[in-house]
Amino acid sequence: MKKATLLLIFIVLSITVSWAQNPLIMDEFTADPSARVFNDKVYVYPSHDIRLDSGRFANWFCMEDYHVYSSENLTQWEDHGVILSQYDVSWVDPSTYSMWAPDCIEKNGKYYFYFPSTAKDKSEGRGRRVGVAVADSPEGPFIPQEQPMKDVFGIDPNPFIDRDGQAYLYWGGGEKLYMAKLKENMLELATEPQEVVDLPAKFKEGPYLFERNGKYYFTFPHVPETTERLVYAMGDSPMGPFEFKGVIMKESPVECWTNHHSIIEYRDQWYLFYHHNDLSPDFDKNRSIKADSLFFNADGTIQEVLPTLR
Ligand code: FUB
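Residue numbers (mature numbering (1 follows the signal peptide of the UniProt record, and there is no 0)): -20 to -1, 1 to 290.
So, in structure tokens, the structure goes:
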């Protein structure tokens, strides 16, 4: 091969490698990445961390709006701007900063964006409600419903649509994780919330369900001792029973109390999206989203993913 050709290959490879960066977003703090494939593009719907130095929310999780990002190569991300702000949601108390981990799903050409608000809703005065905002495009504009979802109390909503078209919602936060079927309208529960049982004890949140080869993977962050690790259980139906299998990503080797993830297949490769506080080493509530390849064993179990460290 000619020297010039070799040089060209080297330059192309160098550019490709240097573009393949973690964290994915460098100019905002982002957390809780819910990745989805829409129209052959990857869209990520993260929480948008900010920081307040004083007042009731000083040095706590503070989020007031959501951006969506898209990419076709997982290295160059387009920021589509704010898709929903707490100030646009009529039932959210605007004196709070409470728009935690969201997720989005498509059904019949409509995009349903599920978001939790830890603020007390104005009608019932209860915190930890989940709202739905609807759009005609994955990039919005998302129009929020006038009221939070009935009977859903918690955080970290995760919608899933099975191959037969039945939709489900998973959520949690604390000691318990819940699931229920959704109605055809995607806005209301069709069944009573049911606890997902037979999971390890202690703190759990951020459920994320996906299907592969007829197996249903119920995945979630779990705190055995110090920080959150990502773990999973498997079952033969979207509502279990699920058998606990083990770890997808171990506890953080350096201090970041939370982790929160999603798992997608894109162009024949599976990926784990997760977060860490790479860009804010001294304050672990300003986080940054990341992604790494994920692989399965022949029996369908998941190989542990080692986080990219900076
Ligand atoms: O981002 C706020 C909370 O931290 C999320 O709801 C949890 O999953 C954890 O990542």
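Idealized CB from N, CA, C, for every residue including glycine.
- Between H60 and Y46, the gap from beta carbon to beta carbon reaches 8 Å or more.
- Taking the CA atoms as reference points, K87 sits about 23 Å from Q174.
- Every residue with a CB closer than 6 Å to a heavy atom of the ligand FUB is listed here in chain order: A11, D12, S27, F41, W80, A81, I135, D136, E185, G186, T238, H240.
- Our two residues, A147 and A38, have alpha carbons roughly 38 Å apart in a direct line.
- In the DSSP secondary-structure assignment, I282 is bridged to F276.
- Of G105, T238, G145, M159, the smallest CA-CA separation from E205 is found for T238.
- Shown here for W40: same chain residues with a beta carbon closer than 7 Å to its own, the five before and five after excluded, namely K265 in chain order.
- Rounded to the nearest angstrom, the Cβ distance from S103 to W151 is 19 Å, too far for a contact under 8 Å.
- Excluding sequence positions up to five before and after P124, its CB lies within less than 7 Å of the CB of L64, D68, V69, G111, A113, all in the same chain and listed in chain order.
- In the structure shown, the three-state DSSP call for Y246 is strand.
- The Cβ-Cβ distance between H255 and D12 falls below 8 Å.
- Your pair F198 and G220 checks out as a contact, with CB atoms roughly 7 Å apart and the cut at 8 Å.
- Going by DSSP, T10 is part of the beta strand (DSSP E) stretching over 9 to 18.
- Per DSSP, Y92 is one residue of the beta strand (DSSP E) stretching across 90 to 97.
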